[in-house]
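*Asks:*
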Amino acid sequence: MTLRTSPTIARGRPFLAVLAVLALLGACNGNDDAPTTASPEATGPANGQDEPDEVTEPDEPEPTEEPEPAVDPAEVGANELGRIPVLMYHRILPDGGGDYDNTPEEFRDELRRLHEEGYVPITTAELVSGHIDVPAGTTPVVLTFDDSTREQFGLTEDGEVVPDTAVAIMEELAEELDGFEPAGSFYVLRSLFGSSEERGRELLAELHARGYEIGNHTADHDNLGQLDASGVQRALAEGVANITAAIPDAEVRTLSYPLGIRPDDPTLVAEGEHDGITYTHEAGLLVGSGPSPAPFDAEFDPLAIPRIRSQPDWTPGDEPDYSSGFWLAWFQDNPEQRYVSDGDSDTISFPEALADQLHPDLVDRARPY
Ligand SMILES: [Zn+2]
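Following our numbering, the numbering of the sequence shown begins with -4 at its first residue and continues without gaps.
Below is the structure:
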């Protein structure tokens, strides 16, 4: 069941203006870090259309009673209009790679920290679904992995996940940490995990079978800002075809823009077709620069979701670098900005004072307190 909030609704609010100033990080992987200055759309309402999109109300089974949260939202400090970090990872390398990469130990430590601080991993598709199912009092965090590099996932000859890959580390921590469940979204290219075409497809199918989301990053890492309309449609359709070649029943629902660059005509992203291959994207991920608005926030634009570059070594007192280390500390200092779940994915709980922030189509699910 999918609730689609309008991809075109966007209102400027001060936070985004601040982000626009802060936004300064770009690039997509170690090989192609053409630093885009910031998420081009960080200021929000660039595409000024506001025709009402269809908003599908959640098809609840016979809603006879008003939904009630399972817990007292005030007691857990629920704020489902708060912000959600969407973290961006590239390679996990023993030497740490570049600014967009992490060592295995950094990645482990960051996941431990997220867990200790009450964050629960979800996928991008879950974020935009309108039903975020995490325990009361916790905050969702979206873990995203771009470029399908070998350091993200592989299998040994014995069928074990290759140690120190991103997937191995997440699955190890599931053993170590009470209540930690691996989840994340992989934005993959034609080149799959440093393997041959056939092996790469097997690995992709295995990753999908393990429950991770597989998303579009185009097959060839195309700069969508440099393509005409038919080129954009071709690139997006090829990205889908690349995935369905490995996983015929895959539903490719979300996109990570290569280099964080959107096409000149952003309306080409939500749905389209090329050469008989159709695509539909419910979400598009940018590069940089801060936490995402909640999907229930009127200013949430699902096709321009900001991400945070993982770089955990920022410590208070350092110059701001808008990395994960910076933003996790920022959430500690600004707890009222953080999305906190009421534990019920049907209701939307928040302090009454924030009521104006709620997307007007969602008032039926609202539980202000
Ligand atoms: Zn990339």
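C-beta: ideal position from N, C-alpha, C; glycine also.
So, with DSSP's three-state summary, where would you put residue 86?
*Replies:* Taking the sequence shown and counting its residues from 1, the one referred to as residue 86 is at position 91. If DSSP states are grouped into helix, strand and coil, residue 86 belongs with coil.
*Asks:* To the nearest angstrom, report how far apart residue 89 and residue 165 are at their CA atoms.
*Replies:* What you label residue 89 is simply residue 94 of the sequence shown in a count that begins at 1. What you label residue 165 is simply residue 170 of the sequence shown in a count that begins at 1. Their Cα atoms are separated by approximately 16 angstroms.
*Asks:* Are the Cβ atoms of residue 343 and residue 75 separated by less than 7 angstroms?
*Replies:* Counting from 1 along the sequence shown, the entry for residue 343 is found at position 348. Counting from 1 along the sequence shown, the entry for residue 75 is found at position 80. Their beta carbons are under 7 angstroms apart, which means residue 343 touches residue 75 by this criterion.
*Asks:* Quick test of your reading: residue 161 and residue 175, contact by CB under 8 angstroms. State the CB separation rounded to the nearest angstrom.
*Replies:* Position 166 of the sequence shown, counted from the first residue, corresponds to residue 161. Position 180 of the sequence shown, counted from the first residue, corresponds to residue 175. Rounded, the Cβ-Cβ distance is 14 angstroms, inconsistent with contact.
*Asks:* Could you tell me if residue 77 is buried or exposed, where buried requires 16 or more neighbouring beta carbons within 10 angstroms of its beta carbon?
*Replies:* The residue you call residue 77 lines up with position 82 of the sequence shown. Flag for residue 77 reads buried.
*Asks:* Mind checking whether the beta-carbon of residue 141 lies closer than 6 angstroms to any heavy atom of ligand 1?
*Replies:* Translated into positions along the sequence shown, residue 141 becomes position 146. Yes, the beta carbon of residue 141 sits closer than 6 angstroms to at least one heavy atom of ligand 1.
*Asks:* Does ligand 1 have even one heavy atom less than 6 angstroms from the beta-carbon of residue 253?
*Replies:* Numbered from its first residue, the sequence shown carries residue 253 at position 258. Yes, the Cβ of residue 253 comes within 6 angstroms of a heavy atom of ligand 1.
*Asks:* By the DSSP assignment, the beta strand (DSSP E) with residue 269 in it spans what residues?
*Replies:* On the sequence shown, position 274 is the one that residue 269 refers to. First-last of the beta strand (DSSP E) with residue 269: 266 to 269.
*Asks:* Just to confirm the assignment: which complete alpha helix (DSSP H) runs, minimum length 4, are found wholly within the stretch 96 to 123?
*Replies:* 99 to 111
*Asks:* Which first and last residues belong to the alpha helix (DSSP H) in which residue 225 is found?
*Replies:* If you number the sequence shown from 1, residue 225 lands on position 230. Per DSSP, residue 225 belongs to the alpha helix (DSSP H) from 224 to 239.
*Asks:* If you run the structure through DSSP and keep just helix, strand and coil, what is residue 19?
*Replies:* Within the sequence shown, the letter at position 24 stands for residue 19. With a pLDDT of 41 at residue 19, under the threshold of 50, the modelled position of that residue is not reliable, and the figure given next carries that caveat. Here residue 19 sits in coil by DSSP.
*Asks:* Under the rule that 16 or more other beta-carbon atoms within 10 Å means buried, what is residue 24, buried or exposed?
*Replies:* Here the question's residue 24 lines up with position 29 in the sequence shown. Low local confidence applies: a pLDDT of 43 at residue 24 is under 50, so the model's placement there is unreliable, and no value is given.
*Asks:* Since residue 140 and residue 95 should fall inside the 8 angstroms C-beta cutoff, what is the C-beta to C-beta distance between them, to a whole number of angstroms?
*Replies:* Here residue 140 refers to the residue found at position 145 of the sequence shown. Here residue 95 refers to the residue found at position 100 of the sequence shown. Between residue 95 and residue 140 the Cβ distance is about 11 angstroms, and since that is not below 8 angstroms, they are no contact.
*Asks:* For residue 359, does the count of other Cβ atoms within 10 angstroms reach 16, so buried, or fall short, so exposed?
*Replies:* Residue numbering aside, residue 359 sits at position 364 when the sequence shown is read from its first letter. Exposed is the call here.
*Asks:* Please report the residue range of the beta strand (DSSP E) in which residue 272 lies.
*Replies:* Here residue 272 refers to the residue found at position 277 when the sequence shown is read from its first residue. Start and end: 272 to 275.
*Asks:* Which residue or residues does DSSP assign as beta-bridge partners of residue 182?
*Replies:* Taking the sequence shown and counting its residues from 1, one reaches residue 182 at position 187. 141 and 210, per the DSSP bridge assignment.
*Asks:* Give the C-beta separation of residue 82 and residue 136 to the nearest angstrom, bearing in mind that I take them to be a contact with Cβ-Cβ under 8 angstroms.
*Replies:* Your numbering for residue 82 matches position 87 in the sequence shown. Your numbering for residue 136 matches position 141 in the sequence shown. Between residue 82 and residue 136 the beta-carbon gap is near 6 angstroms, inside 8 angstroms, which marks them as a contact.
*Asks:* At what residues does the beta strand (DSSP E) containing residue 250 begin and finish?
*Replies:* Mapped onto the sequence shown, residue 250 falls at position 255. Residue 250 -> beta strand (DSSP E) spans 249 to 251.
*Asks:* Is residue 3 helix, strand or coil by DSSP?
*Replies:* As a first step, residue 3 must be located in the sequence shown, where it is residue number 8. Model confidence at residue 3 stands at a pLDDT of 37, short of 50, so the residue's coordinates are unreliable; what they give is reported in the following sentence. If DSSP states are grouped into helix, strand and coil, residue 3 belongs with coil.
*Asks:* Measure the beta-carbon distance from residue 319 to residue 332 and round it to whole angstroms, keeping in mind my assumption that it falls under 8 angstroms.
*Replies:* Your numbering for residue 319 matches position 324 in the sequence shown. Your numbering for residue 332 matches position 337 in the sequence shown. Beta-carbon to beta-carbon, residue 319 and residue 332 are separated by about 16 angstroms, too far to satisfy the 8 angstroms threshold.
*Asks:* Within the same chain, show all residues whose beta-carbon is closer than 6 angstroms to that of residue 110, passing over the 5 residues directly before and after it, in chain order.
*Replies:* Stepping through the sequence shown from its first residue, residue 110 is reached at position 115. Closer than 6 angstroms at Cβ, skipping near neighbours: 172 and 175.
*Asks:* Do you know offhand how far residue 247's Cα is from residue 179's?
*Replies:* Within the sequence shown, residue 247 is the residue found at index 252, counting from 1. Within the sequence shown, residue 179 is the residue found at index 184, counting from 1. Each residue's alpha carbon lies about 14 angstroms from the other.
*Asks:* Taking the Cβ atom as the reference point for each residue, do residue 297 and residue 284 lie within a distance shorter than 7 angstroms?
*Replies:* Here residue 297 corresponds to residue number 302 of the sequence shown, with the count starting at 1. Here residue 284 corresponds to residue number 289 of the sequence shown, with the count starting at 1. Not in contact: residue 297 and residue 284 (Cβ atoms no closer than 7 angstroms).
*Asks:* If you measure between the beta carbons of residue 218 and residue 256, is that distance less than 7 angstroms?
*Replies:* Position 223 of the sequence shown holds residue 218. Position 261 of the sequence shown holds residue 256. Cβ atoms of residue 218 and residue 256: closer than 7 angstroms.
*Asks:* Please determine, among 220, 226, 258 and 184, the residue with the shortest C-alpha to C-alpha distance to residue 241.
*Replies:* Here residue 241 refers to the residue found at position 246 of the sequence shown. Closest option to residue 241, Cα to Cα, is 184.
*Asks:* To the nearest whole angstrom, what separates the beta carbons of residue 335 and residue 134, a pair I think is in contact under 8 angstroms?
*Replies:* Locating residue 335 in the sequence shown gives position 340, where the first residue counts as 1. Locating residue 134 in the sequence shown gives position 139, where the first residue counts as 1. Residue 134 and residue 335 do touch by the CB rule: their CB atoms are close to 6 angstroms apart, below 8 angstroms.
*Asks:* Just grab the DSSP bridge partners of residue 345 for me.
*Replies:* What you label residue 345 is simply residue 350 of the sequence shown in a count that begins at 1. Its beta-bridge partners are 363.
*Asks:* Report back the beta-carbon spacing between residue 253 and residue 216 to the nearest angstrom; my notes put them in contact at under 8 angstroms.
*Replies:* By 1-based counting over the sequence shown, the position of residue 253 is 258. By 1-based counting over the sequence shown, the position of residue 216 is 221. That belief holds up - the Cβ atoms of residue 253 and residue 216 are roughly 5 angstroms apart, short of 8 angstroms.
*Asks:* Look at the Cβ atom of residue 232, then the Cβ atom of residue 274, and state whether they are nearer than 7 angstroms.
*Replies:* Here residue 232 corresponds to residue number 237 of the sequence shown, with the count starting at 1. Here residue 274 corresponds to residue number 279 of the sequence shown, with the count starting at 1. At a Cβ-Cβ threshold of 7 angstroms, residue 232 and residue 274 count as neighbours.
*Asks:* Between which two residues does the beta strand (DSSP E) carrying residue 280 extend?
*Replies:* One-based indexing of the sequence shown puts residue 280 at position 285. Counting along the chain, the beta strand (DSSP E) containing residue 280 begins and ends at 278 to 280.
*Asks:* Could you give the DSSP three-state label for residue 160: helix, strand or coil?
*Replies:* As a working note, residue 160 is residue 165 in the sequence shown. Correct three-state label for residue 160: coil.
*Asks:* Any idea which residues DSSP pairs residue 135 with across the strands?
*Replies:* Taking the sequence shown and counting its residues from 1, one reaches residue 135 at position 140. The partner list for residue 135 (beta bridge, DSSP) reads 115.
*Asks:* Short check: CB of residue 229 to CB of residue 269, under 7 angstroms?
*Replies:* In the sequence shown, residue 229 corresponds to position 234, counting from 1. In the sequence shown, residue 269 corresponds to position 274, counting from 1. Yes.
*Asks:* Exposed or buried, residue 312, counting other C-beta atoms within 10 Å across all chains shown (16 or more means buried)?
*Replies:* Here residue 312 refers to the residue found at position 317 when the sequence shown is read from its first residue. Exposed is the call here.
*Asks:* In or out: residue 348 buried (at least 16 other Cβ within 10 Å) or exposed?
*Replies:* By one-based count along the sequence shown, residue 348 stands at place 353. Result: exposed.
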